[in-house]
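>
Residue numbers (my numbering): 34 to 107.
(1) Which stretch, first to last residue, makes up the beta strand (DSSP E) that contains residue 88?
(2) Figure out for me which residue from 34, 47, 76, 60 has the closest Cα to the Cα of residue 86.
(3) DSSP three-state call for residue 74: helix, strand or coil?
(4) Below 7 angstroms CB to CB, which residues in the same chain sit around residue 70 once its five sequence neighbours on both sides are set aside?
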């Protein structure tokens, strides 16, 4: 991995956390309690004009491992 890309990501993440302080806490709570194989994650996006798009995924064991690794980065 390019160290400059990691630094840019960290800066962007820090800015995102400052703009949306409840979201990282939500992710942390979910990772501690709900992330296990078979968990379904659904994401719904609503644009300012009201258009909605949604998708979901059922976690596999490898996905759970990735979530735990990401949690360590937060």
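For each residue, glycine too, the CB sits at the ideal point set by N, CA and C.
For this structure:
(1) Looking at the DSSP string, the run of the beta strand (DSSP E) that includes residue 88 is 85-91.
(2) Residue 76 is the option with its Cα nearest to residue 86.
(3) In the structure shown, residue 74 sits in a strand (DSSP, three-state: E or B).
(4) Residues 92, 93, 94, 97 of the same chain have their beta carbon placed closer than 7 angstroms to that of residue 70, with the five preceding and five following residues left out of the count.
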